[in-house]
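Peer 1: Numbered as in the working numbering, the sequence shown ends at 74 without a single skipped number.
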Amino acid sequence: MVDMLPAAITAGDLPIELEALQAFALEQNRLARVLWEQLESLQHQIAQLNRARFGASSERLAVFTPTEN
């Protein structure tokens, strides 16, 4: 899970050495995949909650009103 927004990266922040640059690229790719998985999970949760809240009227729980017999 990613807890904080990372600082913006400028060209001057990138490593010059090839191996360090490759490691940086791999880490950025890993982070992007983690964030993508979190996004998919949250979208799934939202869809489930929306179905539970706004599903077809036959799927929702009936609201009881005291005037009904």
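Glycine is no exception: its CB is placed at the ideal position from the N, C-alpha and C atoms.
Does any CB atom of chain D fall closer than 9 Å to the CB of E32?
Peer 2: Any reference to chain D falls outside this structure, which holds one protein chain only.
Peer 1: Is DSSP giving R54 helix, strand or coil here?
Peer 2: Residue numbering aside, residue 54 sits at position 49 when the sequence shown is read from its first letter. Residue identity check: residue 54 is Leu in the sequence provided, not Arg. Looking at L54 - three-state DSSP - the assignment turns out to be helix.
Peer 1: In the structure shown, what three-state DSSP assignment does E32 receive?
Peer 2: Locating residue 32 in the sequence shown gives position 27, counting from the first residue. Helix at E32.
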